[in-house]
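*Asks:* Take a look at the following structure, please.
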Ligand code: PMV
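Residue numbers (our numbering): 1 to 328.
Written out as structure tokens, the structure is:
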């Protein structure tokens, strides 16, 4: 192998998972993984992926280990190939990754995984992460890894734009004392990947067009609510966005239902909390888990209510977290 143009080494990055308040579901360009709608998410501090990438002249192939197990994942190779292309590096890499979320259970570990991998690989080639965040080709690579992954490059509230495919931070993690209380309501991997689910919804759901058409108004309302730090308004947008996304999924053929019975039980608890005066709003992704947005002061009450439905060990109170960060 030839000498690379950049210093080669090793780097470790952490990326938090992000939960969309205004959802992304559907692609307008599958090859470039461009979304059919914009989205707005919150990056979390307590859950995510930590990845170490080492470009090693001794390796004759890329090696990937996830949670202590050797894996073969074409998405990891594709990401490394992309970084090698951008950084003009030819060496193979060893990738050691650990998820601090249940893998493929609808808790968005693919987003934190892609963001942590891209950040670590970029830094391992001597690249500057702040520069990477502003680099369109880098964002494009991360987005190809997972449509929602670029959102994990930034902390706090983050917007991903439909038209440019780019991301921008909307509000820093420390600017609003929010909490996301996550109730994990199943341990099995999700039934159908979001990539397949999106394709099926777009191809067969009569509600898909309506979902896409109604979406921009939700983005506008969410931005206004954030600007005004109006949690009831933001919570209302968040709930209608998730219900509209799931309505489009339910209209697919065959139908896509990611919820289970406990999902509905958890939603009942959230409604009961609100009726009792606790500001709590729910959102669900491509899985049965329920994530509840509230203020820090209400997090304990919310976690207590969700622990009546989920195993208390599966209820996590997560704070807004930073964007992808390099670790020593
Ligand atoms: O990034 P993907 O391909 O896993 O898609 C994420 C889709 C949802 O989680 C359901 C919604 C969202 O905006 O995160």
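Ideal placement from N, C-alpha and C gives every residue a C-beta, glycine not left out.
Shortest alpha-carbon distance to residue 109 belongs to which of 152, 268, 141 and 94?
*Replies:* As a position in the chain shown, residue 109 is number 109, starting the count at 1. The candidate whose alpha carbon is nearest that of residue 109 is 152.
*Asks:* Between residue 109 and ligand 1, is there a pair consisting of the residue's CB and a ligand heavy atom that are separated by less than 7 Å?
*Replies:* The residue labelled residue 109 in the question sits at position 109 within the chain shown. Not so, every heavy atom of ligand 1 lies at least 7 Å from the Cβ.
*Asks:* Thinking C-beta only, is residue 197 closer than 8 Å to residue 286?
*Replies:* Working through the chain shown from its first residue, we reach residue 286 at position 286. Working through the chain shown from its first residue, we reach residue 197 at position 197. Yes.
*Asks:* Where residue 147 and residue 111 are concerned, what is the direct C-alpha to C-alpha distance, given to the nearest angstrom?
*Replies:* Taking the first residue of the chain shown as 1, we reach residue 147 at position 147. Taking the first residue of the chain shown as 1, we reach residue 111 at position 111. If I take the Cα positions, the gap works out to 8 Å.
*Asks:* Using a Cβ-Cβ cut-off of 6 Å (strictly less than) and excluding sequence neighbours within five positions of residue 59, which residues of its own chain qualify?
*Replies:* For the purposes of this step, residue 59 is taken as residue 59 along the chain shown, with counting starting at 1. Around residue 59: 92.
*Asks:* Determine the contact status of residue 241 and residue 34, defining contact as a CB-CB distance below 8 Å.
*Replies:* Taking the first residue of the chain shown as 1, we reach residue 241 at position 241. Taking the first residue of the chain shown as 1, we reach residue 34 at position 34. It is not a contact, given that the beta carbons lie outside the stated cut-off.
*Asks:* Is residue 24 a contact residue of ligand 1, with contact defined as CB to any heavy atom under 7 Å?
*Replies:* Here residue 24 refers to the residue found at position 24 when the chain shown is read from its first residue. Checking every heavy atom of ligand 1 against the Cβ of residue 24, one is found closer than 7 Å.
*Asks:* For ligand 1, is there any heavy atom lying closer than 7 Å to the beta carbon of residue 286?
*Replies:* As a first step, residue 286 is located in the chain shown; it is residue number 286 there, counting from the start. True, at least one ligand heavy atom lies under 7 Å from that Cβ.
*Asks:* Give the straight-line distance between the Cα atoms of residue 120 and residue 326, rounded to the nearest whole angstrom.
*Replies:* By one-based count along the chain shown, residue 120 stands at place 120. By one-based count along the chain shown, residue 326 stands at place 326. Answer to the nearest angstrom: the Cα atoms are 7 Å apart.
*Asks:* Around the C-beta of residue 187, are 16 or more other C-beta atoms found within 10 angstroms, so that it is buried, or is it exposed?
*Replies:* Working through the chain shown from its first residue, we reach residue 187 at position 187. It is exposed - the Cβ of residue 187 has fewer than 16 other Cβ atoms within 10 Å.
*Asks:* Quick one: is residue 86 buried, meaning 16 or more other Cβ sit within 10 Å of its Cβ, or exposed?
*Replies:* Numbered from its first residue, the chain shown carries residue 86 at position 86. Result: buried.
*Asks:* Comparing the CB of residue 144 with every heavy atom of ligand 1, is any distance shorter than 7 Å?
*Replies:* As a first step, residue 144 is located in the chain shown; it is residue number 144 there, counting from the start. Not under cutoff, so the answer is no.
*Asks:* Could you give the DSSP three-state label for residue 241: helix, strand or coil?
*Replies:* Translated into the one-based positions of the chain shown, residue 241 becomes position 241. Looking at residue 241 - three-state DSSP - the assignment turns out to be helix.
*Asks:* State the beta-bridge partners of residue 62 as determined by DSSP.
*Replies:* As a working note, residue 62 is residue 62 in the chain shown. Note: residue 62 sits in no beta bridge, so no partner.
*Asks:* Confirm, please, whether the CB-CB distance from residue 183 to residue 306 is below 8 Å.
*Replies:* As a position in the chain shown, residue 306 is number 306, starting the count at 1. As a position in the chain shown, residue 183 is number 183, starting the count at 1. Taking 8 Å as the Cβ cut-off, residue 306 and residue 183 qualify as a contacting pair.
*Asks:* In three-state DSSP terms, what is residue 203?
*Replies:* Stepping through the chain shown from its first residue, residue 203 is reached at position 203. Residue state, collapsed to three classes: helix.
*Asks:* Going by beta carbon distance, what residues of the same chain come within less than 6 Å of residue 40, once the five residues before and after it are set aside?
*Replies:* Your numbering for residue 40 matches position 40 in the chain shown. Same-chain partners within the cutoff: 21, 22, 159 and 222.
*Asks:* Which residues in the same chain have their Cβ closer than 7 Å to the Cβ of residue 226, if we skip the five residues on either side of it in sequence?
*Replies:* Here residue 226 is taken as the residue at index 226 of the chain shown, counted from 1. Closer than 7 Å at the Cβ level, and outside the excluded window around residue 226, lie 157, 170, 171 and 234.
*Asks:* Any idea what DSSP makes of residue 316, helix, strand or coil?
*Replies:* Counted from its first residue, the chain shown places residue 316 at position 316. Residue 316 falls in the strand class under three-state DSSP.
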